[in-house]
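Input: a single structure, listed below in structure tokens.
Dropping the structure here:
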């Protein structure tokens, strides 16, 4: 009987380890200075940022810079127009790679909600999967979070699932550099999502840094 009891405890411990969500990754925030300028009076985008990340610092041009008229932030990011040239502060929340991929299990809800994996999912986010059609191990990020380097994560992402009106911005180099694209939809197979500036390459197993807006 004692052997059976001990065996039951071991089995329960193993199952709990497999199905429980792993702790949320650590975060650090930094503030970057971004100069954005409208050349020849045309609209220019200067980064895929959300409105709560951007603070107007000072005007650098003779042309006026007025929010929602000659500068602003929309779904594509920070923009300037009508000759505005200005300095902005951008707050970037960087997710430091956590303890590893999350293993699928009954304790992991879709979409993420409540206190799961650290909570704060009400503004939306995105999850990134090892396998096609949102299968296999995965990790999730909240809206407003970024990862400037994915280490071995990036070479293993084969599908993306977004929720809550968020957009996932993917880059093929670290520190948000290189070719980039964004999606506000689920992408069940990254083999069919072409890299816009590097056609016919696809985003399958190619992502090196991420932003969720």
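In our numbering, the protein residues as written are 1 to 213. All residues carry an ideal CB built from backbone N, CA and C; glycine is no exception.
Give me, in chain order, the residues of the same chain whose beta-carbon lies closer than 8 Å to that of residue i; leave out the 5 immediate sequence neighbours on both sides.
i: residue 156; result: 130, 205
i: residue 102; result: 21, 22, 108, 117, 137, 138, 139, 140
i: residue 57; result: 33, 86, 87, 88, 89
i: residue 65; result: 56, 59, 71, 80, 84, 85, 86
i: residue 31; result: 89, 90, 91, 92
i: residue 120; result: 142
i: residue 192; result: 202
i: residue 177; result: 171, 209
For residue i, does the three-state DSSP call read helix, strand or coil?
i: residue 134; result: helix
i: residue 195; result: coil
i: residue 125; result: strand
i: residue 147; result: strand
i: residue 181; result: strand
i: residue 210; result: strand
i: residue 52; result: helix
i: residue 204; result: coil
i: residue 44; result: strand
For residue i, which residues in the same chain have their Cβ closer than 6 Å to its Cβ, ignoring the five residues on either side in sequence?
i: residue 163; result: 111, 124
i: residue 24; result: Unreliable positioning characterises residue 24 in this predicted model, as indicated by a pLDDT of 45, which lies under 50. The coordinate reading is nonetheless provided below. Same-chain partners within the cutoff: 117, 118.
i: residue 183; result: 168
i: residue 166; result: 124, 125, 126, 143, 212
i: residue 153; result: none
Beta carbon of residue i: closer than 7 Å to some heavy atom of the ligand FAD?
i: residue 145; result: Absence of the ligand FAD from the depicted structure is noted, as is the absence of any ligand whatsoever, leaving it without description.
My understanding is that residue i touches residue j, with C-beta atoms under 8 Å, so please give their C-beta distance in whole angstroms.
i: residue 179; j: residue 194; result: Contact flag wrong, Cβ pair sits at about 10 Å.
i: residue 181; j: residue 196; result: 5 Å
i: residue 210; j: residue 147; result: 5 Å
Once you ignore the five residues that flank residue i on each side, which residues in its own chain have a CB closer than 7 Å to its CB?
i: residue 45; result: 76, 77, 78, 79
i: residue 219; result: For the chain, the structure presents residues 1 to 213; residue 219 sits outside this window and is missing.
i: residue 83; result: 38, 41, 61, 63
i: residue 36; result: 44, 46, 78, 80, 86, 88
i: residue 200; result: 194
3-residue-minimum beta strand (DSSP E) runs that sit fully inside the stretch 54-79, ordered along the chain: 54-59, 71-74
Any 3 or more C-beta pairs closer than 8 Å across the stretch 71-81 and the stretch 43-57: yes
Inter-stretch contact at 8 Å, needing at least 3 Cβ pairs: the stretch 131-145 / the stretch 179-193: yes
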